[in-house]
Each structure stands twice: as C-alpha cells, then as structure tokens.
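Trainee: In this text, residue positions in the sequence shown follow our numbering: the first is 1, and each later residue adds one. Virtual Cβ for every residue (Gly too), placed ideally from N, Cα, C.
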Amino acid sequence: MYTPFVQAFEMMMTRMVPVVATETVSLAESVGRILADDVLTDRPVPPFDRVAMDGYALQRADLPGPITVLETVPAGSPPTQTVVPGTCSKVMTGCMLPAGADMVVQVELALPESQGSVAFVPAAASLKTANIAKVGEDAAQGQLFVEKHTPITPKITGILASVGIHAPRVFRRPVVAVVITGDEVVEPHQTPLLHQIRNANGVQLVTQLIEAGAVPRYYGITGDDPEALAAVFERAEAECDGILVSGGVSMGDFDFVPDILTSHGYEILFSKIAAKPGRPTTFAVSEGGWVFGMPGNPVTSFVVFEVMVKPFLLASMGAPLPLEVRMVLSRDISVKQSSRTTWLPCDVNGQGEVVPLDYHGSGHYHSLKNAWGLLHLEPGETNIPRGSHVLVRPL
Numbered sequence: 001m002y003t004p005f006v007q008a009f010e011m012m013m014t015r016m017v018p019v020v021a022t023e024t025v026s027l028a029e030s031v032g033r034i035l036a037d038d039v040l041t042d043r044p045v046p047p048f049d050r051v052a053m054d055g056y057a058l059q060r061a062d063l064p065g066p067i068t069v070l071e072t073v074p075a076g077s078p079p080t081q082t083v084v085p086g087t088c089s090k091v092m093t094g095c096m097l098p099a100g101a102d103m104v105v106q107v108e109l110a111l112p113e114s115q116g117s118v119a120f121v122p123a124a125a126s127l128k129t130a131n132i133a134k135v136g137e138d139a140a141q142g143q144l145f146v147e148k149h150t151p152i153t154p155k156i157t158g159i160l161a162s163v164g165i166h167a168p169r170v171f172r173r174p175v176v177a178v179v180i181t182g183d184e185v186v187e188p189h190q191t192p193l194l195h196q197i198r199n200a201n202g203v204q205l206v207t208q209l210i211e212a213g214a215v216p217r218y219y220g221i222t223g224d225d226p227e228a229l230a231a232v233f234e235r236a237e238a239e240c241d242g243i244l245v246s247g248g249v250s251m252g253d254f255d256f257v258p259d260i261l262t263s264h265g266y267e268i269l270f271s272k273i274a275a276k277p278g279r280p281t282t283f284a285v286s287e288g289g290w291v292f293g294m295p296g297n298p299v300t301s302f303v304v305f306e307v308m309v310k311p312f313l314l315a316s317m318g319a320p321l322p323l324e325v326r327m328v329l330s331r332d333i334s335v336k337q338s339s340r341t342t343w344l345p346c347d348v349n350g351q352g353e354v355v356p357l358d359y360h361g362s363g364h365y366h367s368l369k370n371a372w373g374l375l376h377l378e379p380g381e382t383n384i385p386r387g388s389h390v391l392v393r394p395l
C-alpha cells in the first residue's frame, strides 16, 4: 500500500518539532542561518537627506546661474555652510545635503567653475528630479526591517550591518546523522570489486544537509549487519536530532531498517510513498527524534532529499519552504501512465522555457549533472504538449 505523496508530506510535517534553541554568530558566519529575531531600524534609513550623485546642492530658483560656490562637502563630513539664494555647495555622492538646498544638479550639467562661481547648461533648469534621498524614505526609525525566520544571505548581511546588527541571533542548526547500509558499497577512495559500487549517497547527503542549513555527522557504512546498524543507531540517537539511513528500507532479505526502527521505539508513519522516484521512502518518529529511510539509488535519494527532507529541515528552523514556479514547457513530453507523483530532471533554455533532460529512470545518475530543477508531474499526467504551463522546483 503506497501512501500518496501529498498525504505523506502532510504526515511528515505534522510531526515536525521546531528548533527553539538559538545562538549568536558573527555576520560573516551567519550566511545560511535562519534569523531568530525581528530586526528594527535603529534610526531612519537614510538617516539624513542624502545626496544621490556628485554635483552641486543649490536652490532651483537660482538656475542656470552663475552661482557662488560656498564649499566642497565630501561624503563622511557634515556641511558647514547653509545654502542661501545665489549660493551653492559642491557635494559628493552619499554626503549630507546642506541646509537650504532643495536640489542637486549633477556635475555633468555644470560649466567649468570660474572665480568661485559655477553656471549650468540650460537643461539643468528643467530637471524633474532633485537627486536627493530624503531622510527616512526607505524606513522610519523603529520600523521592522528584517523579519524573524528570514534565511540570511549575503544581501541580508549588508542590510543587518546597516542597522547595527553585527552578531545576529540565529536558530541552532539541526544535527543530522548520515548512515549508509549495504555490503555492496565501498567508500569513494577504495577500488570496488566487480560486484561492488562506490558510496555516492554518503557525500551527496552530507553536502545536501550543509546546503539545507543542517550540521551533518557521517557514521560510515554499516554494511548489511543488523547489529552494527543497531549500534550506530544508538550512537546517532544520542548525538543527533535526526537520522538519514541510506538503503535497507525495501523488502529484501537484508533490509533491516524497519525492524531496527520498531525495536528502538519509533513509530513508522509511512514506508512506501506514491512517488517516482522515491517509492521506498520511510519516515519514522520517536519521542526524541526522527528518521528518514532513504532509497539506496543515488538519483532517488537526491530527489527525496530535495522534495521531502529539505522542506522538513527548513520548516524545523522556521524558514520558508522551497517554492515551485510555473513555467512554459519547451517541447512535448510523454510519460507512462502512473498513479504516482513524478519528478523529472530539467533545464531552462535562453527563452526561460523548461527543457526536460534525457532521463532513463532512477538509475540514470548522470542526468542530474545539468539539472536546473525538477519538473513536477501530478498522478495521471502523461502527455503534456509544448507551451503548457508546468510546475518546476528549482535546485
């Protein structure tokens, strides 16, 4: 019995336990973290009437001049003179507007200064913009500037710095164990025998966890030894918030994960989902943690992480869930009739259209190399003509 993907997703999210612990980090270390406080402006933004370009601060009525130049005001120094009729100040971008001025004429419209005065080309008198950023036009003092639960990106660090936040409080990152099963799996640095494969899922899951804002802990390959797997489970439960187990969740003779989950007090919410790829996905919870049983196929594991594990982790930190965007399909596609939710690797062309990539099924690992996103098909969608609007989850 397969659990429909939407139902499985809802079941998973209802058992998500939010991360409430926080810590303080430097701005340089904050990228990828989730902000734990609302941030208010400590003063208006901008804090003064700010000159928007190099030029002359003056009164419009005095144009086209000539006008007496009182002083030069660099950024970082306050004006010392008040502009009165018949006078102006030469000003630099970002400096405070001298009192009395009502506009700034860019330097490109000025004629060469002569004997302490400056005149302007006739077009200056018809300028429609004052070239002044007014005090508080971006935000008033005490205004909400960045919301709690905002993911911190490089652009957010600059915004935080501009209002004096140099050590933001962020939510603690969930610590997640990565456990690999299977006697056929060897580490990438080892030379596999004919019947063996290299461990692609280990590093893939570790790096996906990092990208999702979690802290991975890699516990290595347990093989198909239930005692070794049980011992690793006990360590991981004590040291981590949750566990990702790669492989061992299907119906084979050596798939021990369900039994170990049950023996360790976990409630298995689902063990098969109506998803393609992703059918042998398991999710279980206990009083102290959670476990995702990940399919052993690397493509399937990658997709399941993106569409289930990543949203789960982001939600636990209060971050926004990944968005799906509606885009135009570049060519006809045809897939087999399926009662499962389906994801296909896709790219985007120069016209902003979705381009389905060559894909031979969940064993086609190389298909992910050029994938910009995952094309999302609902159960029953089979033949979709070019020009249709389809849902895509960017990667």
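1. Quick check on the DSSP output: the beta strand (DSSP E) that includes R393 runs from which residue to which?
2. Specify the secondary structure class of M96 as computed by DSSP and reduced to three states.
3. Any heavy atom of the ligand HEM closer than 8 Å to the CB of G278?
4. Whole angstroms is fine: what's the gap from S246's alpha carbon to T382's?
5. Within the segment 198 to 284, note down every full alpha helix (DSSP H) run reaching 4 residues or more, in order along the chain.
6. Can you look up R152 in the DSSP assignment and give me helix, strand or coil?
7. Using a Cβ distance threshold of 8 Å, determine whether the segment 378 to 392 contacts the segment 324 to 336, with at least three qualifying pairs required.
8. In its own chain, which residues sit with a C-beta less than 8 Å from the C-beta of M11, not counting the 5 before and 5 after it?
9. Taking 8 Å as the cut-off, does the segment 50 to 67 touch the segment 155 to 164 (at least 3 CB pairs, one atom from each stretch)?
10. At what residues does the beta strand (DSSP E) containing E71 begin and finish?
11. Is T153 buried or exposed, if buried means 16 or more other CB atoms sit within 10 Å of its CB?
12. Using a Cβ-Cβ cut-off of 7 Å (strictly less than) and excluding sequence neighbours within five positions of S338, which residues of its own chain qualify?
13. Taking the alpha helix (DSSP H) that L323 belongs to, which residues open and close that run?
14. If you drop the 5 nearest sequence neighbours on each side, which residues of the same chain put their C-beta closer than 7 Å to that of S30?
15. Under the three-state reduction of DSSP, which class applies to I384: helix, strand or coil?
16. Please report the straight-line C-alpha distance between A101 and V83, rounded to a whole angstrom.
17. Assuming Q106 is part of the alpha helix (DSSP H), what are its boundary residues?
18. Hey, would you say E324 sits closer than 9 Å to L391, going by beta carbons?
Mentor: Checking against the coordinates, here is how it stands:
1. 389 to 394
2. strand
3. Questions concerning the ligand HEM fall outside what the structure shown contains, since it holds no ligand whatsoever.
4. 30 Å
5. 200 to 211, 226 to 239, 257 to 263
6. Note that residue 152 is Ile in the sequence shown here, rather than Arg. Note: I152 maps to coil in three-state DSSP.
7. yes
8. T3, L269, F270, F283
9. no
10. 67 to 73
11. exposed
12. K276, P379
13. It is not in any alpha helix (DSSP H) - L323 carries neither H nor E in the DSSP assignment.
14. I152, T157, P168, V170
15. strand
16. 6 Å
17. Segment 103 to 106 is the beta strand (DSSP E) holding Q106; no alpha helix (DSSP H) there.
18. yes
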